[in-house]
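Going by the numbering used here, the sequence shown opens with residue 17, and the numbers climb by one from there.
As structure tokens, the structure follows; a few thoughts come after it.
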Amino acid sequence: MEVFYSNTIADGKIRLSPEETTHCVKVLRHKVGDEVKVSGGDGNLYRCTISDISGKSAELSILSIEGEFGKHPYYLHIAVAPTKNIDRYEWFLEKATEVGIDAITPILCAHSERKVVKEERQERVIIAAAKQSLKGEIPEAAPLTPVKEFIDTVRNFDGGKYICYCDSELINAEGNAIPRIPITEGIKRQTADGAELRSIVLIGPEGDFSLDEIHHAAAAGFIPVSLGESRLRTETAALTATLAHYLHCL
């Protein structure tokens with residue numbers, strides 16, 4: 017099924033962007049009167065007919081709406097330090113969107129190697145992946161945010177908050193070992209009484225979080241978790257956390 021994307025929706029009409037119009041009209045050879053399907057990025061799939069093609073824009077008339085299109089049964093927000101090689105970070109954006117994720121925040125950490133993320137490019141990768149994987153809702157993509165600032169903004173989040181890091185022998189400010197549990201155990205505890213699965217997961221850079229950042233997260237209620245025995249690259253760790261939620265709900 018071919019799905020186009022547009023968030024320009026009003027009064028029973030949808031307008032495609034020049035890029036989507038080119039793909040629809042020039043590449044796929046659609047014409048006025050043809051029926052097409054559009055994701056609005058709002059969780060809906062719109063069945064439409066092409067009512068007008070003018071220059072670089074196409075106007076569509078909405079015939080019907082399918083709600084909760086491609087919806088997944090959990091809420092997941094991954095905050096991850098972008099990799100030095102941006103292709104690897106964009107690979108995560110693509111694959112996490114395909115699997116099912118609600119929000120992604122690139123975070124700036126003490127050991128971060130990448131300090132710039134192009135927001136427009138980030139959004140384009142996510143939208144393309146959502147279209148390909150037939151998702152009706154586009155994950156929210158935030159700008160690059162300092163990790164402590166992010167932690168402070170989600171302090172009162174209603175759900176599970178987890179932080180993944182490499183060192184298994186970290187000591188807290190009181191001199192006690194900081195225990196970690198498998199992320200799968202954290203997910204099980206969240207849903208043991210039938211509660212909705214809602215999570216935020218912190219994934220650090222390849223140089224890992226600093227001890228100060230881990231303490232800051234722990235003080236804000238983040239639970240230290242592990243992703244298994246393998247030492248994972250940043251983008252692999254972020255996708256593994258995404259898959260843990262997806263597979264739990266199958």
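For each residue, glycine too, the CB sits at the ideal point set by N, CA and C.
From a predicted model like this one, the values you see are computed outputs, not experimental measurements.
Residue i lies in the alpha helix (DSSP H); which residues open and close that run?
i           : result
residue 228 : 227-235
residue 49  : Careful: residue 49 lies outside any alpha helix (DSSP H) and carries neither H nor E.
residue 257 : 250-264
residue 105 : 102-115
residue 205 : 199-207
residue 140 : 135-148
Where do the N-terminal and C-terminal ends of the beta strand (DSSP E) with residue i fall, by residue?
i           : result
residue 76  : 73-82
residue 240 : 239-242
residue 68  : 61-70
Could you name the residues of the same chain whose beta carbon sits closer than 8 angstroms to that of residue i, not counting the 5 residues immediately before and after it, in chain order?
i           : result
residue 255 : 108, 111, 112, 115
residue 81  : 60, 61, 62, 63
Tell me which residues share the same chain as residue i and place their Cβ nearer than 7 angstroms to its Cβ, disregarding the 5 neighbours each side in the sequence.
i           : result
residue 261 : 90, 92, 203, 213, 215
residue 131 : 124
residue 30  : 22, 24, 54, 62, 64, 76, 78
residue 138 : 109, 157
residue 147 : 19, 21, 55
Enumerate in chain order the residues of its own chain whose CB-to-CB distance from residue i is below 6 angstroms, with the five nearest sequence positions on each side excluded.
i           : result
residue 78  : 28, 62, 64
residue 176 : 202, 206, 215
residue 182 : 224
residue 135 : 159
residue 242 : 196, 198
Please determine, among the options, the residue with the shortest C-alpha to C-alpha distance to residue i.
i           : options           : result
residue 40  : 175, 75, 23       : 75
residue 69  : 49, 81, 58        : 49
residue 259 : 38, 135, 217      : 217
residue 244 : 209, 251, 198, 36 : 198
Does the distance from the C-beta atom of residue i to that of residue j stay below 8 angstroms?
i           : j           : result
residue 101 : residue 83  : no
residue 159 : residue 195 : no
residue 167 : residue 232 : yes
residue 208 : residue 94  : no
residue 141 : residue 106 : yes
residue 265 : residue 46  : no
residue 6   : residue 128 : Residue 6 lies beyond the stretch modelled for the chain, which goes from 17 to 266, so this question has no answer here.
Between residue i and residue j, how many whole angstroms is the CB-CB distance? I'm expecting something under 8 angstroms.
i           : j           : result
residue 98  : residue 122 : 5 angstroms
residue 44  : residue 73  : Not a contact, Cβ separation roughly 16 angstroms.
residue 164 : residue 229 : 7 angstroms
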